[in-house]
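Trainee: Below are the structure tokens for one structure; questions will follow.
And the structure:
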């Protein structure tokens, strides 16, 4: 026997069992998107590398999967570059295309390319796989799905409110008790301004981000290392120690940011969002979290991140407002806000917490036992009647031993089997067996349809 | 303004309008698959090139998209190979992975890799994109979807019968009047045997395949060129001139193939399939077509192809029986039979023939006009009530001019808008406007829910 074939590391096959669970997640998310007025688009798996490169930082560029040009891919390669192993230059000359790395950059490209055909504000959702040449590890894959929902061309904060409602509804539907954290880039900028270190906003946020993990003392040490003055660090302490309800935090920040126009604007934005949501009674917990700084390089307003309360798997959803995403493709000043659900991590969380319900659409409702050629032929007609009534039904295709056929139904999770032997055919009465209880009853076609149609 | 970004040639973006139509096709196909007891799987976009190479002929190998290895992709490349432009060798050393070319080979790989966890007969469907570095032209794309449905591990001809029922139901559902053609590899082998040219079966079939296009005379010329003896060509004439109903063709072939065991077996298989289907009253036309020879290199029994009656777009579905597909991966003697629906071509056919119905799930049922900050806030609460009732509704996010908001609803195909101004809020009665007729009426929340829930 030859060696078993394999798949590339970091990729996965999905069995029917897994597919049904995954589709349950995708459908739940999609249905909420649609209910909120978002419409689907899809973009190609391959984008020009000129579209992708430089959008995800140096690390991101390294993680792009590049596709070898068809035909003579060596034709532009200099011998000297080959001898010097000039990898970046050679790769750029041999590969024009790459696999998409996320759905945000392709979306920005789509909007710019199709801007004359789009009605703004454009509310779109997109559910497709993305690829990253990351080192595979538990919960990190080289091919995984993102479920993105964005509005582009509207400055209204009602969009942020609605996106949080979407998050709340999706995780409520899925049964995941989740913690929704929100922050605002303008508040972070205001804090940096307040301590007189506007240029160090990223260092400050990175340090704050580690607070929970390494503690206040070590964060302060790191800030010293990053070159913050003693005075700045001292001024930062009340921010680092910020505690309490949203109202308490808000009041304290209002004092601190009193002289920062940007900071106050961020606070106003946040307040509006909180006030709105307060009235709408979220089912999941929402809290201000100043340590939240994801994607700081392009978010300009709200920053959102969600994790499951009872799981150690990290972020399962995140996003924010970006005031100039399409600028990179030549269409400036179009504001967007969006979030992305990580379907693969949501799957892992639901698996870990045993949140999947037994799904009924997973398999046929009924299997007809195959008693022989003549009976099999009769069954085909019967099946068509059942299917016409919308019932999912199948005939075991071969005339195998009863035990084998029963085992098939059992393994496939089919709850009912129907015996259609010669006698049954003559009588027009078939024996229906419940696979769970073992109960049997005699039914005719109409009764059969009645029984399963109501399921 | 920078140059507009583009996408790789042969690939496409799908707008919301196109997505809704595409999803209608996918859902129709999927629902039939499920009703017939097939279950979904998915495989990764990337496969090891060792899995893909050599499975699609030389031409196919050339059309595989190869993915550049991460890291130092030059490390195994010999300088002499570089200087000789030894493209195949270098590509094989620089690229371990490629994009899948179809769904059949990944399925075979899946079955062998997971054979211990699979319940046979394994009835699976798979709907995913495939990639081919073909020269793009009308109706031919570099990224397109296949919708495959296969049974593996069953020799029963009932599977062929059911697959044709699936074809019949899918195209009936989609409203495509289609021509289903069927042939059998064993009959073709029998004919080659009968004329004493078993070794020339492929040349014979290729020539027969051109009959409609170039006529009998030219086909005979081609057969001479291919080295068939005068006697063989003469014996082939009755086959080439075969006409009439299935029964007539069948009777004639029975005479001709009387001494070919293989040929007779093929005829028996065909007869069983036809007889079964005859009783089940297909809605589309089914005919024996001896010129049908697609994928002859791996089909061993039935060969099936479908085209739309009223369209010049070619094959929209095809497949057949392959007795040893998994043999290439070390699991011999597992028979399979399957068909593949070409969703992109089906889309083109339906577009050309104007077969798409106006879809109601395409967009929000209702848009709330945004009259200002306070009214907007009120609307959020209203929206939650509507959505709780399962109604797709949205609020225009910005307080733009009425005309702009109306234009948005119109372009997005939203049929109803709701005016929620200060007065309306105080009264608890909102003005509902039908965008098509211009009619207006006053409704309260309960009436509103009643109106749209029943849609």
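Residue numbers (the numbering used here), protein chains in the order written: chain H, 1 to 455; chain S, 456 to 910. Don't be surprised by glycine CBs; every beta carbon is placed ideally from N, CA and C.
Along chain S, in chain order, which residues have C-beta atoms closer than 8 Å to that of residue 95 of chain H?
Mentor: Within 8 Å Cβ-Cβ: 523.
Trainee: Could you tell me the distance, in whole angstroms, from the CA atom of residue 456 of chain S to the CA atom of residue 496 of chain S?
Mentor: Summary for residue 456 of chain S: the model assigns pLDDT 46, below 50, so the residue's position carries little reliability; its value from the coordinates is reported in the next sentence. So the two alpha carbons sit approximately 45 Å from each other.
Trainee: To which residues does DSSP link residue 777 of chain S through a beta bridge?
Mentor: Residue 777 of chain S pairs with S/791.
Trainee: Answer yes or no: does any C-beta atom of chain H fall closer than 8 Å to that of residue 497 of chain S?
Mentor: Judged by the 8 Å Cβ criterion, residue 497 of chain S is in contact with chain H.
Trainee: Going along the chain, which residues of its own chain have a beta-carbon closer than 6 Å to the beta-carbon of residue 623 of chain S, five neighbours each way excluded?
Mentor: These residues qualify, in order along the chain: 737, 738 and 739.
Trainee: Out of S/584, S/464, S/891 and S/611, which has the shortest C-alpha to C-alpha gap to residue 728 of chain S?
Mentor: If we check each option's Cα against that of residue 728 of chain S, S/611 comes out closest.
Trainee: What are the boundary residues of the alpha helix (DSSP H) that residue 109 of chain H is part of?
Mentor: Its alpha helix (DSSP H) spans residues 104 to 113.
Trainee: Among H/270, H/143 and H/214, which residue has its Cα nearest to the Cα of residue 183 of chain H?
Mentor: Comparing Cα positions, the closest option is H/270.
Trainee: If I follow the unbroken beta strand (DSSP E) through residue 852 of chain S, where does it start and stop?
Mentor: It is not in any beta strand (DSSP E) - residue 852 of chain S carries neither H nor E in the DSSP assignment.
Trainee: Please list, in chain order, all residues of the same chain as residue 222 of chain H whose beta carbon is under 6 Å from its beta carbon, the five residues on each side excluded.
Mentor: Same-chain partners within the cutoff: 207.
Trainee: Is residue 116 of chain H close to chain S? Criterion is C-beta to C-beta, closer than 8 Å.
Mentor: It does not; no Cβ of chain S falls within 8 Å.
Trainee: Mind pulling the beta strand (DSSP E) runs of 3 or more residues that sit fully within the region 86 to 168 of chain H?
Mentor: Those beta strand (DSSP E) runs which fall completely within the region 86 to 168 of chain H and span 3+ residues are 97 to 99, 122 to 131 and 143 to 152.
Trainee: Return the first residue and the last residue of the beta strand (DSSP E) that residue 178 of chain H is part of.
Mentor: That run of the beta strand (DSSP E) goes 178 to 184.
Trainee: Buried or exposed for residue 461 of chain S, going by 16 or more other Cβ atoms inside 10 Å?
Mentor: So residue 461 of chain S counts as exposed.
Trainee: Should residue 643 of chain S be labelled buried (16 or more other beta-carbon atoms within 10 Å of its own) or exposed?
Mentor: Counting Cβ neighbours within 10 Å, residue 643 of chain S comes out buried, since at least 16 surround it.
Trainee: Under a Cβ-count criterion, where at least 16 other Cβ atoms within 10 Å of its own Cβ denotes burial, should residue 262 of chain H be classed as buried or exposed?
Mentor: Residue 262 of chain H comes out buried.
Trainee: For residue 595 of chain S, return the contacting residues in chain H, with the cut-off set at a CB-CB distance below 9 Å.
Mentor: The contacting residues do not exist; residue 595 of chain S stays about 15 Å from chain H at best.
Trainee: In whole angstroms, give me the CA-to-CA distance for residue 903 of chain S and residue 34 of chain H.
Mentor: Rounded to the nearest angstrom, the two C-alpha atoms are 19 Å apart.
Trainee: Quick one: what's residue 495 of chain S bridged to in DSSP?
Mentor: Looking at the DSSP assignment, residue 495 of chain S forms a beta bridge with S/580.
Trainee: Could you tell me which residues DSSP puts in a beta bridge with residue 431 of chain H?
Mentor: Bridge partners of residue 431 of chain H: H/419 and H/442.
Trainee: For a cutoff of 8 Å on Cβ pairs, would you count residue 261 of chain H as touching chain S?
Mentor: No, residue 261 of chain H lies away from the interface with chain S (no Cβ there is under 8 Å from its Cβ).
Trainee: Within 10 Å of its beta-carbon, does residue 892 of chain S have 16 or more other beta-carbons around it, so buried, or fewer, so exposed?
Mentor: Result: exposed.
Trainee: Roughly how many whole angstroms lie between the Cα atoms of residue 350 of chain H and residue 356 of chain H?
Mentor: Those two C-alpha atoms are separated by around 6 Å.
Trainee: Can you list, in chain order, the residues of its chain whose CB lies under 6 Å from that of residue 336 of chain H, leaving out five sequence neighbours each side?
Mentor: These residues qualify, in order along the chain: 150, 152, 322 and 325.
Trainee: Between the region 45 to 59 of chain H and chain S, which residues of the former have a C-beta closer than 9 Å to a C-beta of the latter?
Mentor: Against chain S - using a Cβ distance shorter than 9 Å - the residues of the region 45 to 59 of chain H are 45, 46, 47, 48, 50 and 51.
Trainee: Short check: CB of residue 432 of chain H to CB of residue 440 of chain H, under 8 Å?
Mentor: Yes, the Cβ-Cβ distance between residue 432 of chain H and residue 440 of chain H is below 8 Å.
Trainee: Expressed to the nearest angstrom, what Euclidean distance is found between the alpha-carbon atoms of residue 405 of chain H and residue 369 of chain H?
Mentor: Cα to Cα, the separation comes out at about 7 Å.
Trainee: Any beta carbon from chain S within less than 8 Å of residue 151 of chain H's own beta carbon?
Mentor: With 8 Å as the cut-off, residue 151 of chain H counts as an interface residue toward chain S.
Trainee: Cβ of residue 300 of chain H less than 8 Å from any chain S Cβ?
Mentor: Chain S contact via Cβ: absent.
Trainee: Would residue 342 of chain H and residue 320 of chain H be called neighbours here (beta carbons separated by less than 8 Å)?
Mentor: In this structure, residue 320 of chain H does not lie closer than 8 Å to residue 342 of chain H by Cβ.
Trainee: Per DSSP, what kind of secondary structure is residue 12 of chain H in: helix, strand or coil?
Mentor: DSSP places residue 12 of chain H in coil when its eight states are reduced to three.
Trainee: Going along the region 398 to 409 of chain H in order, which residues come within less than 7 Å of chain S, judged by CB to CB distance?
Mentor: Listed in sequence order: 398 and 408.
Trainee: So residue 109 of chain H contacts chain S; which residues on that side make the cut at Cβ distance below 7 Å?
Mentor: Per Cβ cutoff of 7 Å: 460.
Trainee: Given that residue 12 of chain H touches chain S, what residues does it touch there, using C-beta distances under 8 Å?
Mentor: Those are 499, listed as they occur along chain S.
Trainee: Would you report the Cα separation of residue 864 of chain S and residue 898 of chain S, rounded to the nearest angstrom?
Mentor: Whole-angstrom Cα-Cα distance: 20 Å.
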